[in-house]
Amino acid sequence: PEVFSGFSDPNVVLIAALFIIGDGLVRTGVATVMGTWLVKVAGNSEIKMLVLLMLTVAGLGAFMSSTGVVAIFIPVVLSVAMRMQTSPSRLMMPLSFAGLISGMMTLVATPPNLVVNSELLREGYHGFSFFSVTPIGLVVLVLGILYMLV
C-alpha cells in the first residue's frame with residue numbers, strides 16, 4: 198500500500214540504521230570508554246578538554262545521530278565539569294556546537310543532507326559523494342573550536 202511507500206526510501210532505511218548503530222555504541226559501553234579516554238587525556242586542562250570534546254563529538258556525529266551523541270556526552274561533561282571545579286556551561290556550549298557542526302561533516306550526518314542529495318539525483322543532477330561536504334565541515338569545526346576558546 199501507498200502508506201508504506203516512504204519506508205522503501207533509502208534515506209529512511211539509512212537513518213534508521215544510524216540510530217541502531219548509535220544505540221549499539223551506548224549499549225556496548227563504547228560511549229563510556231570514550232568519556233573515560235577524554236578525562237584521561239585532557240587531565241585538568243579545560244582547554245584540552247574543550248578541544249578533545251568538540252573533536253570527538255563532531256567525529257561521532259558525522260556518522261550517527263548528533264542528538265544521540267550529545268545525549269551520550271551530557272553526563273560525561275557534567276561529571277568532568279564537577280571534577281574540574283568549573284561551570285558546566287563552559288563545556289556544554291562547546292558540546293552543543295560540536296553536535297551542530299557535525300551535520301556538516303558527511304552526507305549521512307544529518308537527514309537534510311540526504312534529502313537534498315536524493316532530490317538532486319531525482320532531478321537528474323550529480324549527487325554528493327559521502328565526504329564531499331567534509332572540507333567545509335572541517336573548516337567550520339576549526340573555526341568553532343577557536344571561537345569557543347576565546
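If you read the sequence shown in this note's numbering, its first letter stands for residue 198, the second for the next number, and so on. We treat Cβ as the ideally placed atom computed from N, Cα and C, and that holds for glycine. For clarity, every value in this text was computed on a predicted model and none was experimentally measured.
| Asked | Found |
| --- | --- |
| Count the other CB atoms within 10 Å of the CB of Met302; is the residue buried (16 or more) or exposed (fewer)? | buried |
| Restricting to runs no shorter than 3 residues, where is the beta strand (DSSP E) found entirely within the segment 242-330? | none |
| For the segment 288-300 against the segment 241-259, are there 3 or more C-beta pairs whose distance is under 8 Å? | yes |
| So, with DSSP's three-state summary, where would you put Thr225? | coil |
| Below 8 Å on the Cβ atoms is my guess for Leu235 versus Val273; work out the distance and round it to an integer in Å. | 7 Å |
| Please go through the same chain and pick out, in chain order, the residues whose beta-carbon is closer than 8 Å to the beta-carbon of Thr264, but skip the five residues on each side of it. | Gly296 |
| Checking 7 Å against the spacing of the C-beta atoms, do Asn241 and Met281 come in under that value? | yes |
| Please report the distance separating the alpha-carbon of Leu343 from that of Ile244. | 11 Å |
| For Ile271 and Gly321, what's the separation of their Cα atoms in angstroms? | 42 Å |
| Applying the 10 Å Cβ sphere with the 16-neighbour rule, what's the burial state of Met345? | buried |
| For Phe327, which residues in the same chain have their Cβ closer than 8 Å to its Cβ, ignoring the five residues on either side in sequence? | Thr303, Leu304 and Val305 |
| Considering Cα atoms alone, identify which of Gly324, Pro308, Gly300 and Val313 is closest to Arg337. | The sequence given here places Val at residue 337; Arg does not occur at that position. It is Gly300. |
| Taking Gly324 as the reference, give the member of Ala239, Ser315 and Thr331 with the closest Cα. | Ser315 |
| Classify Val226: buried if its beta carbon has 16 or more other beta carbons within 10 angstroms, exposed otherwise. | Reading off the sequence shown, one finds Gly at residue 226, where the question assumed Val. Classification for Gly226: exposed. |
| Around the C-beta of Ala259, are 16 or more other C-beta atoms found within 10 angstroms, so that it is buried, or is it exposed? | buried |
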